[in-house]
Amino acid sequence: MDILLVASAFNSLTQRAYAELSDAGHRVDVVLATHGPDPVRAAVRERRPELIVAPMLKTALPEDVWREHTCLIVHPGPPGDRGPSSLDWAVDGEARQWGVTVLQAEAGMDAGAVWADEPFAVPETGKSDLYRNETADAAMTALHRAVRRYADGDHKPRPQTGDWPEAVWRDYYRQDRRRIDWERDDTATVLRKLRGADSQPGVLDELHGREVFLHGGHPEDQLRGRPGDLLATRAGAVCRATRDGAVWIPELRPRKNSGDPAPFRRPAATVLASWTAPHTPALPEIPAPLDLPAGRRTFADVRYRERGATGFVGFSFPGGAMSTDQCRRLLAAYRYALARPTSVLVLGGARDFFSNGIHLNVIEGAPDPGEESWRNLNAMDDVVEAVLRTTDRLVIAALAGNAAAGGAMLALAADEVWCRTGTVLNPHYRRMGLYGSEFWTYTLPRRTGPETARRLAAEALPVSAAQGVRLGLVDRLVPATPGEFAGTVETLAAEVSAAPGLADRIAAKAEARGADEAVRPLADHRRDELARMHAIFADPAAPYHALRSAFVRKTPAATTRPLRIGEGR
């Protein structure tokens, strides 16, 4: 079928819908509804789609569109749930079970006939993690079912009338419900409020006399203080006391003042440092041990552990972005892992994003964004080069979630790439106006061949994990739920480390690396890529700077026309 996706952003779920529906043989295009209803109407006139699907839409479809065409809305709530903040209410109510409903657009919000629905269990995690994982899995299961039913032509969607259970309308989840009372709220309550707003919109609060949004929350089981007081920093996060414990808050976003540019999330300690008077005592930096003992409840974005002959370098950064500091700490952990007596090394977090490359928010907030782009890129290159130069053990990149740009190239630097089914790869840089680095001119053609590598870089389209296998980007699909992925990877990695031919594989890998080095050294790839990137960073008129700022500040980029994805294919 010819399917048009209408979305408020080309976010993780929209990308996954695009990739998986394309894999299913449909011709898919995307129009973003960020410029109002007219681009949507124009796309419908031009494409004349057989079906319109809205995976993530914050505004209503034009009435003339949904009256004349079948339009399916993906709603992140179970049948009968209605309203704009479904997942917020699910986290607030500590729901054990939730669901996704694919319904037909009509005048009443979320009141259309139901084409498919899918339940899911709700883990103890943040809203954004829940959205990208359990919710996205259920959404795609329901969406595939709804599309098949529509294509078959004999399915009658169930109207939300008559014997339908009473609908539950949930209003927009406002800041007055999120507000934290540091004197009265216990740690569990504080964490629930923080996790329910971790990515958007944050929890409005006050620090140092300034209004600020708090983003993300992790428990702390040892540090204590007066409720509301800041106790310490760690890897950019700040620790704040509750009435019966403490929590770590990774990121802060200042509240917008009239006339100021749109503020954005940055590491909490960085924001605080920009406000603190020179005479104010600095908070102590309390690092977490790399090999954090089992059972500790604290914040640690980089960890190392061993199981037999397998080492695991775990990392989890907000939004998957990796700043200069985060890259350097990850490199230190990787070098520590190389000093351990293991034969297999696994990279990746237990769930959610693998990596999205350099940290655009930190770059945007730097005094000189071009210079910080350069520093961050070199730090990212150092990590990728360390992986590429590892010849004494097998390196596996285990992707629990999506990877893009330099993060995708970090994965491709490993000997094997294992992806959870549902993972989406974006092995390109063009949509941010960049040529690319992280040795992509070596790793991408090495896996896909030069022609496919050029096509992937030029088209700049998302690739499903299944398509990644067919292209040579992915070596193994791991059909596990988000909560089961880490345990499944550990079992599979143990099998690899115990395989009788492992030593021969490692020797062959070292020989191949030497042969490739003789043809063209890695240093040449790095030099040529960085020369192209430095020219972009140093040019204030380069599109990268405007595209980065628009992306970070969530403002529409200055383009001659609304973005369309998939045109001209």
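Be aware that the sequence shown starts at 1227, since it is given in the numbering used here, and climbs by one per residue. Positions of the beta carbon are idealized from the N, C-alpha and C atoms, including for glycine.
Next on the checklist: Please report the straight-line C-alpha distance between residue 1509 and residue 1457, rounded to a whole angstrom.
Outcome noted: Their Cα atoms are separated by approximately 7 Å.
Checklist entry - Do you know how far the Cα of residue 1700 is from the Cα of residue 1228? => result 28 Å
Checklist entry - Hey, is the region 1249-1258 in contact with the region 1340-1347, meaning 3+ C-beta pairs nearer than 8 Å? => result Taking a cut-off of 8 Å for Cβ pairs, the region 1249-1258 and the region 1340-1347 do not touch, as fewer than three such pairs fall below it.
Item to check | Beta-carbon proximity list for residue 1316, same chain, < 7 Å, skipping 5 on both sides | outcome: 1324 and 1348
Checklist entry - Quick check: the region 1752-1761 against the region 1587-1607, are there 3 or more CB pairs under 8 Å? => result With a cut-off of 8 Å, the region 1587-1607 and the region 1752-1761 count as touching, because enough Cβ pairs lie within range.
Next on the checklist: So, for residue 1795: in the same chain, excluding its five sequence neighbours on each side, which residues have a beta-carbon less than 7 Å away from its beta-carbon?
Outcome noted: Reliability of the predicted coordinates at residue 1795 is poor, the pLDDT of 46 falling under 50, and the value obtained from them is presented with this limitation in mind. Excluding residues within five positions, none has a Cβ falling inside 7 Å.
Item to check | 3-residue-minimum beta strand (DSSP E) runs that sit fully inside the region 1598-1626, ordered along the chain | outcome: If we require 3 residues or more, the beta strand (DSSP E) runs fully inside the region 1598-1626 come out as 1620-1625.
Next on the checklist: Checking the sheet assignment: what are the DSSP bridge partners for residue 1330?
Outcome noted: 1298
Checklist entry - With respect to the alpha helix (DSSP H) encompassing residue 1244, which residues constitute its N-terminal and C-terminal limits? => result 1238-1249
Checklist entry - What are the complete beta strand (DSSP E) segments, minimum 3 residues, inside the region 1480-1550? => result 1528-1533 and 1536-1541
Item to check | Ordered list of alpha helix (DSSP H) runs contained in the region 1387-1417, each at least 4 residues | outcome: 1401-1404
Checklist entry - Taking all protein chains shown into account, do 16 or more other C-beta atoms lie within 10 angstroms of the C-beta of residue 1448, making it buried, or fewer, making it exposed? => result exposed
Checklist entry - Any idea if residue 1786 is buried or exposed, counting beta-carbon neighbours within 10 angstroms, 16 or more meaning buried? => result Any answer about residue 1786 is weak, because its pLDDT of 35 lies below 50 and its placement is not dependable; what the coordinates show is given next. Exposed, by the Cβ-count rule.
Item to check | Exposed unless 16 or more other CB atoms sit within 10 angstroms - verdict on residue 1294 | outcome: exposed
Item to check | Contacting residues, own chain, Cβ-Cβ under 6 Å from residue 1385 (five flanking each side not counted) | outcome: 1339
Checklist entry - Is the Cβ-Cβ distance between residue 1464 and residue 1444 less than 8 Å? => result no
Item to check | Residue environment, residue 1275, which counts as buried when at least 16 other CB atoms sit within 10 Å | outcome: buried
Checklist entry - Any idea if residue 1431 is buried or exposed, counting beta-carbon neighbours within 10 angstroms, 16 or more meaning buried? => result buried
Item to check | Residue interval of the alpha helix (DSSP H) (run including residue 1665) | outcome: No alpha helix (DSSP H) contains residue 1665, which DSSP labels as neither H nor E.
Checklist entry - Would you report the Cα separation of residue 1583 and residue 1747, rounded to the nearest angstrom? => result 23 Å
Checklist entry - What's the gap between the Cα of residue 1680 and the Cα of residue 1351? => result 38 Å
Checklist entry - From residue 1788 to residue 1782, what does the alpha carbon distance come to, in whole angstroms? => result A caution first: residue 1788 carries a pLDDT of 42, below 50, which makes its placement in the model unreliable, though a value can still be read off. When the Cα atoms are used, residue 1788 and residue 1782 turn out to be separated by approximately 9 Å.
Next on the checklist: Looking at residue 1690: is its Cβ nearer than 8 Å to the Cβ of residue 1272?
Outcome noted: no
Next on the checklist: Tell me the residue span of the beta strand (DSSP E) that contains residue 1232.
Outcome noted: 1228-1233
Checklist entry - If you run the structure through DSSP and keep just helix, strand and coil, what is residue 1794? => result A caution first: residue 1794 carries a pLDDT of 40, below 50, which makes its placement in the model too unreliable to give a value.
Checklist entry - Can you round the beta-carbon distance between residue 1362 and residue 1239 to whole angstroms, since I take them to be within the 8 Å contact cut? => result 5 Å
Checklist entry - If we call anything under 8 Å between Cβ atoms a contact, is residue 1673 one with residue 1638? => result yes
Item to check | Three-state class that DSSP yields for residue 1654 in the structure shown | outcome: coil
Item to check | Neighbourhood of residue 1861 by C-beta, 7 Å cutoff - its chain only, sequence neighbours within 5 removed | outcome: There is simply no residue 1861 to check, as the chain begins at 1227 and stops at 1795 in what is shown.
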